[in-house]
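J.: If you read the first sequence in the working numbering, its first letter stands for residue 4, the second for the next number, and so on.
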Amino acid sequence: MSGQLSKVYEPKITEEQANELWFAHKYFHAEVSGNCETRKAYTIVIPPPNVTAPLHLGHALNNTLQDILIRFRRMQGYNTLWMPGTDHAGIATQTVVEKRLLAERGKRRTDFEREEFVAHVQAWKDEYEACIIGQLKAMGCSCDWERTRFTMDQVCAKAVRAAFFKLFKDGLIYRGKRLVNWDPATQTVLADDEVEYETVQGHFWYMRYPLVEPVEIQGERFEHVTVATTRPETMLGDTAVAMNPNDPRAKHLVGKMVRLPIVGRVIPIIADEHVVLPDPESEDEKARYSTGFLKVTPAHDPDDWEIGQRHGLDIVNVMAPNGSISDKYGWGDAADPDAQALLGMDRFEAREAIVEWFRQENLLEDVREYTHEVGHSYRSHVPIEPYLSDQWYIAVKKPIEHFKDKSGEGTIEGTDVPVNSLAGLALKPLLDGRLRFIPERYARTYQSWLENLRDWPISRQLWWGHRIPVWRCTARTGRGHPSKTIHPDQYQIELQIRMDDFSEQMGTSGYHVLVHPKRDKFFICSSSNDADEALNKVIDYRDFLNSSGAGDGQEIPTFTLPFSGKAFTAARKICNMVATFEHDEDVLDTWFSSALWPFSTMGWPDNTPELKMFYPGDVLCTAREIITLWVSRMVMMGQYCAGDIPFSDVFIHAMIQDGEGRKMSKSLGNGIDPLVIIGSHGADAMRFTLASMTTQTQDVRMPVQKMKLPDGRTENTSPKFDFGRNFCNKLWNASRFALMNLEGVEPDGFEKDKMTVTDRWILSRLARTAAAVTEQLDEFKYSEPITELYRFFWNDFCDWYLEWIKPRMQDEQQKPSAQNVLAFVLDQTLRLLHPFVPFITEGIFQKLNEVVPARKLQGLAEAADAEALVIAQWPRGLDCFVDGEAEKEISITQDAVRAIRDLRSRYNIAPAVMGLSSAKAPLETARLLDANADLICRLAGLRRFSASVDAKKPGNAATAVVNDIEIYVHDVVDADAERRRLEKQKQETEKAKQAVEAKLNNDSFVAKAKPQVVAQAREKLARLSEKLKTIERNLSHLKG
RNA sequence: GGGCGGUUAGCUCAGUCGGCCAGAGCGCCUGCUUUACACGCAGGAGGCCACAGGUUCAAGUCCUGUACCGCCCACCA
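1) Distance check for leucine 1041 and aspartate 967, CA to CA, integer angstroms please.
2) Entirely within the region 422-469 and at least 4 residues each: give me those alpha helix (DSSP H) ranges in chain order.
3) Report the option in Arg252, Ile49, Glu226, Ala775 whose CA atom is closest to the CA atom of valine 261.
4) Can the beta-carbon of alanine 963 be found less than 8 Å from the beta-carbon of alanine 902?
5) Here's the rule I'm using: 16 or more other beta-carbon atoms within 10 Å means buried, otherwise exposed. How should methionine 917 be labelled?
6) Please return the same chain residues whose Cβ sits closer than 6 Å to the Cβ of arginine 42, not counting the five positions on each side in sequence.
7) According to DSSP, is tryptophan 85 part of a helix, a strand, or is it coil?
8) Please return the same chain residues whose Cβ sits closer than 7 Å to the Cβ of glycine 483, not counting the five positions on each side in sequence.
9) Please report the straight-line C-alpha distance between valine 257 and alanine 274, rounded to a whole angstrom.
10) Taking the alpha helix (DSSP H) that arginine 291 belongs to, which residues open and close that run?
11) Would DSSP call histidine 123 helix, strand or coil?
12) Pick from Pro750, Lys955, Ile789, Ser603: whose alpha carbon is nearest that of lysine 818?
13) Using the three-state DSSP reduction, which class does lysine 102 fall into: helix, strand or coil?
14) Is it right to say lysine 755 is buried, meaning 16 or more other beta carbons lie within 10 angstroms of its own, or is it exposed?
15) To the nearest angstrom, how far is the alpha carbon of serine 894 from that of arginine 768?
16) Helix, strand or coil for glycine 143 per DSSP?
17) What does the alpha-carbon distance come out to for the pair aspartate 458 and glutamine 394?
18) Considering only residues of the same chain and omitting the five flanking positions on each side of glutamine 779, which have a CB-CB separation below 6 Å?
19) Going straight from the alpha carbon of isoleucine 970 to that of phenylalanine 726, what length do you get?
20) From the DSSP output, which residues share a beta bridge with glutamate 223?
21) Classify valine 11 as buried or exposed, calling it buried when 16 or more other Cβ atoms lie within 10 Å of its own Cβ.
22) Relative to the C-alpha of alanine 231, which residue among Ala188, Thr189, Arg252, Leu280 is closest?
23) Hey, alanine 875 and alanine 867: beta-carbon distance below 8 Å or not?
24) Return the CA-CA distance between leucine 517 and aspartate 587, expressed in angstroms with no decimal places.
25) The alpha helix (DSSP H) spanning asparagine 823 covers which residue range?
26) Going along the chain, which residues of its own chain have a beta-carbon closer than 6 Å to the beta-carbon of proline 324, five neighbours each way excluded?
27) Please classify asparagine 65: is it buried, with 16 or more other beta-carbons within 10 angstroms of its beta-carbon, or exposed?
28) Can you tell me where the alpha helix (DSSP H) with glutamine 988 in it begins and where it stops?
29) On the three-state DSSP scale, how would you describe tyrosine 396?
30) Which residues does DSSP list as the beta-bridge partners of valine 198?
31) Ignoring anything shorter than 3 residues, give me the beta strand (DSSP E) runs that lie fully in the region 266-345, in order along the chain.
32) Confirm, please, whether the CB-CB distance from leucine 58 to aspartate 147 is below 8 Å.
33) Note the first and the last residue of the continuous beta strand (DSSP E) segment covering tyrosine 2.
34) Would you report the Cα separation of threonine 374 and phenylalanine 207, rounded to the nearest angstrom?
35) Could you tell me the boundaries of the alpha helix (DSSP H) in which alanine 943 lies?
36) CA-CA distance, isoleucine 176 and glutamine 831?
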């Protein structure tokens, strides 16, 4: 059997065979050897899925859309690269591994050594990375698998260190304080999304803070101010009382001092807009509860921290990491016995004690009930504590000196963002129109985020990730002896002094980091350009890059000093002062490595051929939730590190929700596993359905149902996928039918003149479809081309063309030309469908290649040969087939067929009854119908059909009126039914006619509407009048 | 609190620059072993286009407001 398709379409077999073929020939591999000039590159870098879990349906959508673009461009002849890989997803992965270890072994992270724990995470990563890549391959993703990267592999790690170094050198990385979400029970830092808000019935306590000197306002003597708080225990760390500058009392009170109860600390009253003015009538709950005085505790509240920053307030941390009151972490004035009594108390215990103290001292003015949301740890379920800690930051609005030449200086209009800052580098391309969002509205999210950007905290208190390439040193206290353990803050200060020492010698300032395992080997990162010359001698930059991988437990890197002279002396001096070195315990924010992904995957910072060929890329395809966290940072770092934006188009696609509009999630149990769908419906069916649901505005709602698998398990599925499965099944069967009729086709047997109107019509429809699909894909539209192709293939090709071609296949005269048209249309259709349903189209294409090696319409068009559809040429040059006449002719023919079918159905004429039919129509239409009588007979199940200008209606015929045609189906006897039917049609027509008449009788319509619209209305009226007359005439015949 | 999107047939969604009697798929009803396909073929029923105003000769489409649903960001003294 020479290459016929199997009777039943089995996705699994087709998918396996296609993947085998594609992988054997490495069709997905992008070569760098080609010439950029002659063969343009087209690049998409995958949003690397997290290695936390297998891919879900959202990933399936995301990657389907990317694959459609890639396959489309590959067929258009671009040198396409789709760069694949996965993301280590720091906190998320560490968390799932911690959960697994706890569940399976009852062990916590802290029960392991760091290296040991990281090895467990690594094992998890290996497992899920393999799983994810398997899933992507099963979906048909045509990634360049040879280039698969992981955000923590050696290549990416090198880029991370290079970027960090570069930022460091430019003075963009600094050490700063930040309030983190601290879980005092487990004593870990939580990410924002690990904080769960719970409604808590709490209190507002109104506490009096005595003024150092009483103040008189409008004759009233004030001895104290009253602050309202839900957290009295933090008052120990208060360093100011704030009030709104618009408060009428402010001019009397701002600048005055109060004495903090218990502690005795004297703190100022300051003015800050943040404070809500009191208003008992207000709708704003805060205003109702406010006294107008806000206690400011910079170390224990994020807002207060901001206020503290604005006013340069002291920061007093009064808690230990376990949440107890302590004077060991920054509280220096706890000498008062009342304060001493609180030390060691738990924060809630202290709260009660403090309230009680105020009560005793008659300083508690009021207590009111208050319901509010309080952040709790998702792990321990205790309230989280905003806790002050040291973090590394990237300065995003700091001007970068050496970017001045390239980007200019000053700020971007209407913002405080310097053009040569990181934020500016990301913002400018959008404003210049070089960076485009599709749909456009998402540009605003991006823009406003960047305009209001704050410095980026990049350190995370985790073990899984790129360990921060910074080594801190402790200073020597005596000759050759390491200092005893010093508190981190202290050695920071210590270090700073030494640094300044060094800076002085180097004629610069602001050094920060050094590494020094042995006395004669070390390196320094500079944060100033001025020191470049000297430092370049000190450090071999490349050595730094080749130093330890992030967090992989290698030794601290060492370097031999390649210099002498002043710099040497300076460096040497530092070494002598340093006792020990500690690799920073923290890792980098996951987004740091993600930000580099578009070029780290191509080997940056080395000047690789890949970068030259494929960077900058073309499109980023992602969901909207990470526009800020990821997209903006990629642009930022792309500009900063690789010198250009990483892509010019950002396509933001829909999110998939369940039938109730909820996000699909594990906890809700409403997720759908792509592999389950691939198993039940096939990968192509899944892709087709997902793409068909992708419109520009709507999120995708996917009703979820339970499905029983053959092995008895129950899985989630959705009836939506039947859409794709039905289509694939139809495609398979129609192709099978076509191929059965294409055995032994002679390419030279085609004669242009033997083309029928149906041939010209289907070629015309093909040409229009190809043009539309191409244009829509250019515009990142997915549901439209699917609709277009669906209509063309199912309605035009299958329902009409294939039915019409059947008799021609029995006719040796007509067969050769018909076959060639059929082969050509099938060939082109497969090409157009391939990006959406790659497996099945490839499978059919391979058979087509066997059965009809050359598809061409001699003298008209030729389908370019290809050994595989994946690399076949995208349809082009079909415009010559557009044929308005043929389309009109077929349209009239179809109308006639539908009218006859309708009558047959209404009169219950059995399909087997090959009846007679005739039609009366204006001359031209009548001729046309007559010429196509065979086509009408074939699809309307008739023995004979004829049309003429003066056809007479047989007495027992049913009548249908279509436009200017009157169609009679003979030998239908039910006069009553006929009358009812015609009456109904009459009513409908009258209604339509009246509507148009009303419009035309309206003078202002005729006067003001576009002439074209008026003319259309007149035509329509004429048509309807004619139709109505015909119906009435038929009715009167019936009555008579 | 700020921003964005949505509300059209029982369900999931299209609907261009405002202009034919508002469309598709699924589901539903009727008929069909038509030699590619019942995951199919033919036909049919089904709509106060969320609500209230406004602009216009004309509004599903533009403007204003309301309600509900969803998402993102910020915040929670």
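Backbone N, C-alpha and C fix where the C-beta goes; we use that ideal spot for every residue, glycine too.
Given the structure is predicted, the values throughout are model-derived calculations rather than measurements.
T.: Quick answer:
1) 20 Å
2) 425-434, 445-454
3) Glu226
4) yes
5) exposed
6) Asn82
7) strand
8) Low per-residue confidence applies at glycine 483: pLDDT is 42, beneath 50, and the placement is therefore not dependable, though the value from the model is reported in the following sentence. Taken in chain order, the list of residues that qualify is empty.
9) 6 Å
10) 288-292
11) helix
12) Closest by C-alpha distance to lysine 818, out of Pro750, Lys955, Ile789, Ser603, is Pro750.
13) Here DSSP, grouped into helix, strand and coil, assigns lysine 102 to helix.
14) Around the Cβ of lysine 755, a 10 Å sphere holds fewer than 16 other Cβ atoms; the residue is exposed.
15) 12 Å
16) coil
17) 11 Å
18) Glu787, Pro788.
19) 36 Å
20) Bridge partners of glutamate 223 according to DSSP: Ile220.
21) exposed
22) From the listed residues Ala188, Thr189, Arg252, Leu280, the smallest Cα separation to alanine 231 is found for Leu280.
23) yes
24) Low local confidence applies: a pLDDT of 42 at leucine 517 is under 50, so the model's placement there is unreliable, with the coordinate-based value given in what follows. Going by C-alpha positions, leucine 517 is about 11 Å away from aspartate 587.
25) Asparagine 823 -> alpha helix (DSSP H) spans 818-836.
26) Same-chain partners within the cutoff: Gln190.
27) buried
28) 978-1004
29) Correct three-state label for tyrosine 396: strand.
30) DSSP lists Ser380 as partners of valine 198.
31) 269-274, 297-299
32) no
33) The displayed coordinates of the chain run from 4 to 1043. Any statement about residue 2 would go beyond what the structure contains.
34) 9 Å
35) 936-943
36) 56 Å
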